[in-house]
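To keep things clear, I will list the structure first and then write my remarks on it.
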Amino acid sequence: MFDFAFSEMLLAALVALVVLGPERLPKVARTLGRWLGRLQQFVGNMKSELSQQADLAEWQQMKADWSATAGQLREEMQQLREAADLPAWERLPEQRTPADFGLADDGSPLPKTPQTAGFRPVSLRRQALARRRQVRPKPQAAPRLRARSGRR
1 MFDFAFSEML LAALVALVVL GPERLPKVAR TLGRWLGRLQ QFVGNMKSEL
51 SQQADLAEWQ QMKADWSATA GQLREEMQQL REAADLPAWE RLPEQRTPAD
101 FGLADDGSPL PKTPQTAGFR PVSLRRQALA RRRQVRPKPQ AAPRLRARSG
151 RR
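Residue numbers are given in the UniProt record's numbering: position 1 of the sequence shown equals residue 1, and the series is strictly consecutive.
Below, the structure is given as structure tokens:
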């Protein structure tokens, strides 16, 4: 805070000794020490009070966040309750028809649709063969060895 060198403090002590005298100097030093102690105590109390206020603000922010989350959960629970109050027939999944499974209404298979020209689906057998070819290790040529010439 204040930049005092040792020589400056020594000069201030010498001036105080000359101005106050040797009999009043100890009393003044004690009084000054008490004031400095009280000032430090006051500053420490203010720091702790400010830190408590900051913590309180932090707790209030956390409480507000938790309250907002709890409100959202309550809304979702209410929506779930309302959905559960629906009659059973409204909660059922959409019904599937035999046509979804490739069957006619009487249970016979549906006639195959004519295929468009130029498009031929790949059979399952051909797909399996292609997969086997992809997995099979590729043949690699063996390295060729060269013979050395007769010179050394």
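C-beta atoms are modelled at their ideal positions from N, C-alpha and C, and glycine is treated no differently. As the structure is a prediction and not an experimental result, all values here were calculated from the model.
A straight-line Cα-Cα distance of about 22 Å links glutamine 72 and leucine 86. If the five residues before and after aspartate 105 are omitted, its C-beta is found closer than 7 Å to the C-beta atoms of Pro98, all from its own chain and listed in chain order.
Counting along the chain, the unbroken alpha helix (DSSP H) around phenylalanine 6 starts and ends at 6-20.
No Cβ-Cβ contact shorter than 8 Å links glycine 102 with proline 93. The C-alpha of leucine 129 is placed about 15 Å away from the C-alpha of lysine 138.
Our two residues, glutamate 8 and leucine 14, have alpha carbons roughly 10 Å apart in a direct line.
Residue range 25-84 is occupied by the alpha helix (DSSP H) that includes serine 51.
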